[in-house]
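Engineer: This note's numbering applies: residue 4 is where the sequence shown begins, and numbers increase by one. From the three backbone atoms N, C-alpha and C, an ideal C-beta is built for every residue, glycine too.
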Amino acid sequence: MLSCLSFVWQAPAMAAFPLKPQEPAAASPALSPAALADLLDNPEVRKALVDALRAQEAGAKPAPSRAAAQAAEPGLQERMADGVQRFLTGVAADMGQGVDDMRALASGGSLRMDSGTAGKALLPLALAAVATIIAFILLRMIAMRIYTRIDHWVAEQSCEPAAPPKRGVPAPMRVLYRRAGAILGALAIDAGVVLLAAMAGGAAALWSTPGRGTLDSLAAVFLQAFLAVEIVKVLIRTVFAVRHPHLRLLPMSDELARYWNAWLLRVAAAAGYGTLLIGPVISASLSPALGRLASMVIMLAVYVYAVRVIWQNRQSVRERLDRRAAGAATFVGSRLRFLSRVWHVLGIGYFTILLVVSQVDPINALPFMALATAQTLLVIGVGSLLILLLNAMLTKPVRLSEDLRRRLPLLEARVNAYVPATLKLVGWIIRVVMILLILDAWRAFDMSRWLASDAGGAAIRMVLNIVIVLLIATLAWTVIASIIEHRLSQSEERGMPTARERTLLALFRNAALIVIVTMTAMVLLSQIGIDVGPLIAGAGVVGLAIGFGAQKLVQDIITGVFIQLENGMNENDVVQVAGVFGTVEKMTIRSVGIRTLDGGYHLVPFSSVDVVANHMRDFSYHLGEYTIAHRESVDDAIEHLRAAFAELMTDTVLGPEILEEMTVAGVTAVNDKGVTIRILIKTTPGMQWAVQRGYNRLLKKHFDAAGIELPYPHTVVYFGQDKRGYAPPANVALQTERPDEGEGARAAGHTRRRLKPEAGAEDPAEVLGNELEAREEADPDTPRT
C-alpha cells in the first residue's frame, strides 16, 4: 500500500495541483492528512492509484474469467446508486471543508497560496487570457468581413435566374450545394479563429512562464476552457448566424435568431468557464472544496436560468413548430408536431443531465455533453434521412414488365404487398438502432460492450436468423404461387387450363401456404428461445384426439383427396352428387358446393358422396324416347325424326355442338300408351340439354305437320252384361258431319300447322323455344314486340 501511495505521489498527474516550490517530491513519505486528501481528490492520481492496486492484484492472483467479470460487474441501478451516494457524501464533505476554509481566510490565514505565490502563479494565466481575448477580437473583426462577403455571395447565387443544368444537376440542387459549402466554410473560418486565438494565448503564457519551455498549469486550464467553450459557441453561431441570414442553418426570423443565440451563448459561457476555469482556479489558489462548491453554485444558477427561459417560451415555440409543421411534408410535419409537444421536456432534461454530470465528473462534464449531443444529433439526422428515403420508396409502387405481368398476373400485387412490409420492418429496425445509439451516447447503455457480450451476440444472431427465415419463407411462397399462377394463366402454347388443373392447383396452393406458415412459425418460435418440442407433441396429441373424435372430418378429407386425384369432378362441372344435381361452384379438400337449377346452394361433405355422376366429361348424349300412337307408322315417325335432326344441324348455335350423326336405336317399348322410339345425339360436354330443347321443339313441329299423333292415355270401357250374356243398349252420340280429310285426318286436340323450313335461320331463339310464330298466325294484326 505504501509503495502504491509513493507511486501516486510521484505521478505526473499532480501537475493539475502544483506543489509549492519549497515542497520537493522527496518528502512524499511524510504525508499529512490534508495532503493525502488533496492527492486523492485528483481524478488522474486516483486512477493511477487504482491501476497500481489492480496491477499488484493481477501479479498475485490469476485474472478472472470473462463470465465471472461480467457477473461481478454492477448493473446500471447499482452504479447510479453508488454514484449518487458518493456525490452526496462528497457534497457534505466539501461543505464542511469549505466552512473551515472560509474561517481560515477570515482569520487572515492562507490556504494553498500566499499573496506572493498567488501573484506569480496567476500571472501566466492573466497574460494568456489577455492575449487570447485580444487576438480573438481582432481575428473576429477580420472574419466578420469575410462572413459578410460570403453571405452576399450566397444571396446572389440564390437570386440569379435558373441556368441550364450542368452535368445533370438541377439548379435548386446547385444552389443548395453552394449554400452548404458556404456554411461549412464559415464554420471552418470561425473554428480557425478560435484555434489561432488559443495559440496566441499559449505563446503569451509560454513567454511569461519561468524557463519559457513549459506551459503553466493554470494557463493550460484557461486555454482548454477557452477552446471547449468557444467551439461550442462556434456551433451555436453557425446554427443561428445572427448577422448573416443566408448562412443560417435553421430557417427563422432575425429577431428569433438573436434571442436564442444570445441565450445559448450566455448559458455556454457561464457553464463552460464556471466549471472548466473558475472552479479549477479556486481549487488551485484557495482549496479544492471551495472550487467544487463554486462550480456547483455556478451550475445551479445556470440550471435555474435555463429552466426558467425554457418554461417561459414553451408555448411560443410550440406554436411556431406547429405552423412550420402545417406547411411541411407529411414525414417532417409529423416529427415537428411531436417535437413541439415535448421540446421543453427534452430541454429541461438536457440541462438536468448537464447539472448532474458537472457535479459527478466536473473535468469531463462538458466534453461528455458535447460528444453526447453531437452523437445524438448525428444519429437523429442520419436515421431521419434513412427513414425519409424509405418513405419515399414506399410511395413508388414496383412496376413489372408487361410480359411478366401477363404470365404472372398476381406477382406485381404480391411484390407491392411485400415491399412496404419489408421497408416498414427496416424502418423499425432503424428506429431501434437509433434509440440504442442515443442511449449509448448518454452512457445509459453501453452498446459496444453489449455487442461484445454473449447476450448481444445472441440477440444479433437471433435477429439475423429471424430475417433469414422470413426471407426464405417469403421467397418459397412467391416461387410456388408464381408457378401456380403461371399454370393457371392463359398462354398461346397451352391455352386455358382445364377445370381439373384449376381445382388441383388451387388446393395445392392452399396446402403449400398452410405448410409454409406452420413451419415458419415453428422456426421463429425456436429462434426466440421457445421450445417447440412440447408444442409439436401437444399438437400431435390434439391431432390424434381430433382424429378419433372427428372421424367424419377425416373421411371427408381422405375421400376428397382421392376424388381430386381421380379427377372425379371439377369446378363448373354439372354433376349429381348425393342426390343433388347442379353445377359445381366451389371445391375444398373437405366438401363440394353445388348450385342447383332453382338457385339453391348445397354444401355436400365428401364423406356423403358414394357416387359421382359427372355430365361434363369428354362428351355427352341427348337420350330421347318419343312415344307415338299405335295407329301411326313407325317408319314414317323415324323419317320425321331424321328430318328434325337435319334441320337442327343447320342451326348456327347448336349445329357445331353436335359431334356425330343421330343414332336411332329403334323401338324400345310397345305398351298401352303407344310405341316408344329411342334416339341418341352425341354432343359436346354440357350442351346435351340445349340440344334436347332445340330438337324437341323441331320434332314437335315436324310431327304436327305430318299429323303424327302423340298418344293420349287410353281407357277400356266395359258396359257390363246380364245373366243371359246380353249387354244393355249403349247411349252413343254420333259424330257430326265433317269434311272428308282422307287418310290425313288430324287427331282430336291437335292443331295442324304449316311446316316452315328454318334452314339458315339467323335467330337462335327459333330453335331454343321462341313461339312467337304461332301467335302471329293466330292474330296477324297484333304487333310483334
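Going residue by residue through the region 431-509, where are the continuous alpha helix (DSSP H) segments of at least 4 residues, counting only ones entirely within it?
Structural biologist: List check, alpha helix (DSSP H) in window: 450-455 and 457-491.
Engineer: Locate the alpha helix (DSSP H) running through N264, then write down its first and last residues.
Structural biologist: Position 261 of the sequence shown, counting from 1, holds the residue named residue 264. Unbroken alpha helix (DSSP H) run through N264: D257 to Y276.
Engineer: Around the C-beta of K427, are 16 or more other C-beta atoms found within 10 angstroms, so that it is buried, or is it exposed?
Structural biologist: Position 424 of the sequence shown, counted from the start, is the residue given in the question as residue 427. When all chains shown are included, K427 counts as exposed.
Engineer: Would E691 be called buried (16 or more neighbouring beta carbons within 10 Å of its own) or exposed?
Structural biologist: Reading the sequence shown from its first residue, position 688 is the one you call residue 691. With the sequence shown as reference, residue 691 is identified as Gln, and Glu is not the correct amino acid for it. Buried is the call here.
Engineer: Out of V667, L389, N674 and T671, point me to the one whose CA is closest to I682's CA.
Structural biologist: Taking the first residue of the sequence shown as 1, we reach residue 682 at position 679. It is V667.
Engineer: Starting from R317, trace the alpha helix (DSSP H) both ways and give me its first and last residue.
Structural biologist: The count along the sequence shown starts at 1 and reaches residue 317 at position 314. Per DSSP, R317 belongs to the alpha helix (DSSP H) from R317 to A329.
Engineer: For L414 and I483, what's the separation of their Cα atoms in angstroms?
Structural biologist: The residue given as residue 414 occupies position 411 in the sequence shown. The residue given as residue 483 occupies position 480 in the sequence shown. Distance between the alpha carbons of L414 and I483: 11 angstroms.
Engineer: Closer than 8 angstroms is the cut-off here; do at least three beta carbon pairs connect the region 671-687 with the region 624-631?
Structural biologist: With the cut-off at 8 angstroms, the region 671-687 and the region 624-631 touch.
Engineer: One question on the structure: do A297 and I313 come within less than 8 angstroms of each other, judged by their Cβ atoms?
Structural biologist: For the purposes of this step, residue 297 is taken as the residue at position 294 of the sequence shown. For the purposes of this step, residue 313 is taken as the residue at position 310 of the sequence shown. No, these two residues do not count as a Cβ contact at 8 angstroms.
Engineer: What residues in its chain sit with their C-beta under 8 angstroms from that of I301, if we drop five residues either side in the sequence?
Structural biologist: For the purposes of this step, residue 301 is identified with residue 298 of the sequence shown, where counting begins at 1. Closer than 8 angstroms at the Cβ level, and outside the excluded window around I301, lie A273, A274, G277, T278, I281 and G282.
Engineer: Give the DSSP-derived three-state secondary structure of E660 in the structure shown.
Structural biologist: As a first step, residue 660 must be located in the sequence shown, where it is residue number 657. E660: helix per DSSP, three-state reduction.
Engineer: When you compare only the Cα positions, how much space is there between A3 and R181?
Structural biologist: Given that the chain is displayed from residue 4 to residue 788, the structure contains no residue 3 and the question cannot be resolved.
Engineer: Check I533 in the structure and name its three-state DSSP category.
Structural biologist: Taking the sequence shown and counting its residues from 1, one reaches residue 533 at position 530. Reduced to three states, the DSSP call for I533 is coil.
Engineer: What did DSSP end up calling A730 once you bin it into helix, strand or coil?
Structural biologist: For this step, residue 730 is matched to residue 727 along the sequence shown. Coil, per DSSP.
Engineer: Answer with buried or exposed for E635, where buried requires no fewer than 16 other C-beta atoms within 10 angstroms of its C-beta.
Structural biologist: Numbered from 1 along the sequence shown, position 632 holds the residue referred to as residue 635. Label assigned to E635: buried.
Engineer: With a floor of 4 residues, list each alpha helix (DSSP H) that falls wholly inside the region 548-580, ordered by position along the chain.
Structural biologist: Counting whole runs of 4 or more residues, the region 548-580 contains the alpha helix (DSSP H) stretches 554-568.
Engineer: Relative to the C-alpha of I149, which residue among A514, I186, T135 and L507 is closest?
Structural biologist: As a working note, residue 149 is residue 146 in the sequence shown. For I149, the nearest C-alpha among the options comes from I186.
Engineer: Using only CA atoms, which one of A693, V470 and T679 lies nearest to D654?
Structural biologist: Locating residue 654 in the sequence shown gives position 651, where the first residue counts as 1. With distances taken between Cα atoms, D654 lies closest to A693.
Engineer: Return the chain-ordered list of same chain residues with a C-beta closer than 7 angstroms to the C-beta of A479, the five sequence neighbours on each side being excluded.
Structural biologist: Here residue 479 refers to the residue found at position 476 of the sequence shown. Excluding residues within five positions, the ones whose Cβ falls inside 7 angstroms are I519.
Engineer: Have a look at the DSSP bridge pairing and note the partners of S623.
Structural biologist: Start at 1 with the first residue of the sequence shown, and residue 623 comes out as number 620. T686, per the DSSP bridge assignment.
Engineer: Assuming contact is defined by CB atoms lying nearer than 8 angstroms, are D219 and P127 in contact in what I supplied?
Structural biologist: Taking the sequence shown and counting its residues from 1, one reaches residue 219 at position 216. Taking the sequence shown and counting its residues from 1, one reaches residue 127 at position 124. Result yes, Cβ atoms of D219 and P127 sit closer than 8 angstroms.
Engineer: Identify whether M652 lies in helix, strand or coil by the three-state DSSP scheme.
Structural biologist: Counting from 1 along the sequence shown, the entry for residue 652 is found at position 649. M652: helix per DSSP, three-state reduction.
Engineer: Which residues bound the beta strand (DSSP E) around T666?
Structural biologist: The residue given as residue 666 occupies position 663 in the sequence shown. Counting along the chain, the beta strand (DSSP E) containing T666 begins and ends at T666 to V673.
Engineer: Who are the near neighbours of A71 in its chain, counting only those whose CB is closer than 6 angstroms to its CB and skipping five residues on each side?
Structural biologist: For this step, residue 71 is matched to residue 68 along the sequence shown. With a pLDDT of 47 at A71, under the threshold of 50, the modelled position of that residue is not reliable, and the figure given next carries that caveat. Correct list: empty, nothing qualifies.
Engineer: On the CB-based measure, 16 or more other CB atoms within 10 Å of its CB, does Y791 come out buried or exposed?
Structural biologist: Outside the shown range of the chain (4 to 788) lies residue 791, about which nothing can therefore be said.
Engineer: Run the CB neighbour count on F139, radius 10 Å, all protein chains shown included, and call it buried at 16 or more, exposed below.
Structural biologist: As a first step, residue 139 is located in the sequence shown; it is residue number 136 there, counting from the start. Counting Cβ neighbours within 10 Å, F139 comes out buried, since at least 16 surround it.
Engineer: In its own chain, which residues sit with a C-beta less than 6 angstroms from the C-beta of A134, not counting the 5 before and 5 after it?
Structural biologist: Within the sequence shown, the letter at position 131 stands for residue 134. Result list for A134: A203, G204 and A207, in chain order.
Engineer: Quick check on DSSP: helix, strand or coil for L380?
Structural biologist: Against the sequence shown, residue 380 aligns to sequence position 377. The answer is helix: DSSP assigns L380 an H, G or I state.
Engineer: With a cut-off of 8 angstroms on the beta carbons, I'd call V235 and N264 a contact; round off their distance for me.
Structural biologist: Numbered from its first residue, the sequence shown carries residue 235 at position 232. Numbered from its first residue, the sequence shown carries residue 264 at position 261. No, V235 and N264 are not in contact; Cβ-Cβ is about 13 angstroms, not under 8 angstroms.
Engineer: What first and last residue would you give for the beta strand (DSSP E) that runs through E588?
Structural biologist: Position 585 of the sequence shown, counting from 1, holds the residue named residue 588. Where E588 is concerned, the enclosing beta strand (DSSP E) stretches over V583 to M590.
Engineer: Does the region 523-538 come close enough to the region 467-476 that 3 or more CB-CB pairs lie under 8 angstroms?
Structural biologist: Yes: at least three Cβ pairs fall under 8 angstroms.
Engineer: Applying the 10 Å Cβ sphere with the 16-neighbour rule, what's the burial state of L324?
Structural biologist: Within the sequence shown, residue 324 is the residue found at index 321, counting from 1. Buried, because 16 or more other Cβ atoms sit within 10 Å of the Cβ of L324.
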